[in-house]
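Protein sequences appear in the order of chains H and S.
The opening position of the first sequence corresponds to residue 1181 in the working numbering, with each subsequent residue numbered one higher.
The opening position of the second sequence corresponds to residue 1181 in the working numbering, with each subsequent residue numbered one higher.
Written out below as structure tokens is the structure these notes cover.
2 protein chains.
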Amino acid sequence: MDDKVRPIDVTTVQERVYQELRNALYQGRFMPGEVLTIRALAAALGTSPMPVREAIQRLVTENALTQLPNRTFQVASLTSETYDEWIRLRCEVEGYAAQRAAQRATPAICNRLRKINRDFGAAIEAEDASGMLQGNQHFHFAVYEVAESDTLLKIIGSLWLRFGPVLAFVQHVPGSIDMFRRGVSVHERVVAAMERHDTAEARFALALDIRAAASWFRRHHFGAPVEVTAGDAALPRSSRRSRAF
Amino acid sequence: MDDKVRPIDVTTVQERVYQELRNALYQGRFMPGEVLTIRALAAALGTSPMPVREAIQRLVTENALTQLPNRTFQVASLTSETYDEWIRLRCEVEGYAAQRAAQRATPAICNRLRKINRDFGAAIEAEDASGMLQGNQHFHFAVYEVAESDTLLKIIGSLWLRFGPVLAFVQHVPGSIDMFRRGVSVHERVVAAMERHDTAEARFALALDIRAAASWFRRHHFGAPVEVTAGDAALPRSSRRSRAF
DNA sequence: CAATCAATTTTGTGATCACATATCGACGAT
DNA sequence: ATCGTCGATATGTGATCACAAAATTGATTG
């Protein structure tokens, strides 16, 4: 019977609105600090305000949107201070995901990851700005899916949600090509570690990827000379003890 | 003028409903798997269904509630498999919070934590079941607050939310007193590590606290002999390399 | 020309209504 | 006796309305 009919879309309107807003945030279609009004979104989406307000409330609980005391909503923006905070959190959580992925990696999985990373590299050489962002995201989440933890995946998704509007800036920064190129080689390092089931190295390499991109972006966006020193978050090798952040 | 009147509660009804449900979940007033209906909750809370549905949706995005394909809501329950998953996540995230707390600890903070831990111990000796749970929660979050990261605190709050209904069972298990007593001494170990700014030890000790309580609970609830071996999540000492989970 | 105040519009919030679907129970046919 | 059908009830979902507070606008005044 499965070949006769296909399952239809039974998701609720609110869910579709939520996913649409989520994608828009991921892809940086909203600017940080941009204010959102329920009625305007409802009109743009072609629905009533009702599903929109519920979707917006969900995004507020995920810290993707902020509700001001005026009760108006705006796209959450990362200040210079909270930026570091989020980067370190990402190193911890996504590093852990890479660690778990390294345990479960198979040759087939590693080949698939290499394919994805090659596509990422192709987008870079083609200077396809949005393709780079999507390719990078594609690789990271492909790694995290290997960790086989739905809840972990959801948490990481929430973390990324907050960086979507920030990533929108990256496309306008000259020299981002070089940064992405370095990303490709670090990704390869992650896959190589996964292949050897070297969990600590996988965790370190992935945290390195995040940290490198973060400090590059910090230089070009906040203009601060101080780099993010998430350092021991990944505890790369044996004898390193925790130093101050 | 400030001494004439005090600020009144200007939060929205939806927010208060959300907090009320949150507290109820924390304290285990709902059983895992219990189904919740919007209208019934609205009647019990004395409001219209409107604020309730938004609050419920927020809890669904936090994975504290589940929405079945029937579109009905139920309190999320931890199966034997997902249980381990959440425990390991807690070791990672809360261990990281303890690590950060150890960097920022001051003698005054450590004294306050010891005071909180003594209150926890007092509740145990008084065999005050709900006092134990609250005392334990109080200590943990007091540690996490020292980490000075609002977002980290929120994430941990979401993780705990899922364990609230599970904790409700603990009160009915005989012998929980001994488990809690061991908790007090592990807490002391955490504080001692914080006092020395020994970040790795603080992280390990706190993960140990979670792990020990988790395996105790697993024995008495799921009846499985296999213990949670979150092992290297905390990377306690120098030369340990990652072993399989 | 700048500042202030009132009128108007906008916006989030909550309540109510309408509707499709799911659930459960009774009844009847095979 | 079992399965299927029909009807009644309950429940989530979406739309619309009402209202208070905030934002905006425009006129008026110093």
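Where a beta carbon is used, it is the ideal one built from N, C-alpha and C, also for glycine.
Keep in mind the model is a prediction, meaning the values are calculated, not measured.
If you keep only unbroken beta strand (DSSP E) runs of at least 3 residues inside the region 1238-1267 of chain S, you get 1245-1247 and 1253-1255. When beta bridges are read from the DSSP output, L1313(S) appears opposite no residue. Look at N1243(H): its C-beta is under 8 Å from a C-beta on chain S. A straight line joining the alpha-carbon of L1341(H) with that of A1244(H) spans about 6 Å. Three or more Cβ pairs closer than 8 Å define a contact, and the region 1383-1394 of chain H falls short of that threshold against the region 1299-1311 of chain H.
For S1329(H), the nearest CB of chain S lies under 8 Å from its own CB, placing it at the interface with that chain. Take L1239(S), set aside five residues on each side of it, and the residues of its chain with a beta-carbon closer than 7 Å to its own are L1201 and L1245, in chain order. With fewer than 16 other beta carbons inside 10 angstroms of its own, N1291(H) counts as exposed. Q1237(H) has a beta carbon lying within less than 8 Å of a beta carbon in chain S.
Separation of the CB atoms of L1293(S) and V1323(S) is rounded to 7 Å, and the pair is thereby assigned contact status at 8 Å. Under the Cβ criterion of 8 Å, L1248(S) is not counted among the residues facing chain H. No Cβ-Cβ contact shorter than 8 Å links A1277(H) with A1373(H). When C-beta distances to chain S are compared with 9 Å, the residues of the region 1260-1273 of chain H below that value are T1262, E1265, W1266, R1268, L1269, E1272 and V1273, in chain order. Beta-bridge annotation (DSSP): V1215(S) is paired with Q1254(S).
By the Cβ neighbour-count rule, H1352(S) is exposed, with fewer than 16 other Cβ atoms within 10 Å of its own. Excluding the 5 residues flanking it on each side, A1393(S) has same chain C-beta neighbours closer than 8 Å at M1359 and G1363, in chain order. Between the region 1251-1270 of chain H and the region 1207-1218 of chain H, the count of Cβ pairs shorter than 8 Å is three or higher; the stretches touch.
Within the same chain, A1285, P1287 and C1290 come within 8 Å of E1375(H) by CB-CB distance, once the 5 residues on both sides are set aside.
Residue environment analysis places N1297(S) among the buried positions, since at least 16 neighbouring C-beta atoms fall within 10 angstroms of its C-beta. Identification of residues in the region 1185-1216 of chain H having a C-beta nearer than 9 Å to some C-beta of chain S yields V1190, T1192, Q1194 and Y1198, given in sequence order.
Each of K1295(S), S1329(S) and G1226(S) was checked against the Cα of H1318(S), and the nearest Cα belongs to K1295(S). Non-local C-beta neighbours of E1261(H) in its own chain, meaning closer than 6 Å and more than five positions away in sequence, are absent. Each residue's CA atom was taken as its position, placing N1250(H) and D1378(S) some 44 Å apart. For Y1276(S), the neighbours in chain H by C-beta distance under 7 Å run, in chain order, E1272.
Excluding its 5 nearest sequence neighbours in each direction, Q1247(S) has C-beta neighbours in its own chain below 7 Å: V1240 and F1253, listed in chain order. Distance from the CA atom of E1242(H) to the CA atom of Y1263(H), rounded to whole angstroms, is 16 Å.
At a beta-carbon threshold of 8 Å, the residues of chain H lying near E1234(S) are R1233, E1234 and Q1237, ordered along the chain.
For the region 1285-1296 of chain S, the beta-carbon criterion of a distance under 7 Å to any beta-carbon of chain H is satisfied by none of its residues.
The beta carbon of A1235(H) sits closer than 7 Å to those of Q1194, V1197, Y1198 and L1201, all from its chain and outside the five residues before and after it, given in chain order. In its chain, beyond the 5 residues on either side, I1218 have a beta carbon closer than 7 Å to the beta carbon of R1233(H). For the pair G1315(S) and G1344(H), the Cα-to-Cα distance works out to about 39 Å. Under the three-state reduction of DSSP, G1275(H) is assigned to helix.
A1327(H) is classed as buried because its beta carbon has at least 16 other beta carbons within 10 Å across all chains shown. Per DSSP, the unbroken alpha helix (DSSP H) holding T1331(H) starts and ends at D1330 to V1350. Rounded to whole angstroms, the separation of the alpha carbons of G1337(H) and T1331(H) is 10 Å.
Looking from the CA of P1354(S), the closest CA among R1391(S), S1365(S), R1399(S) and I1335(S) belongs to R1399(S).
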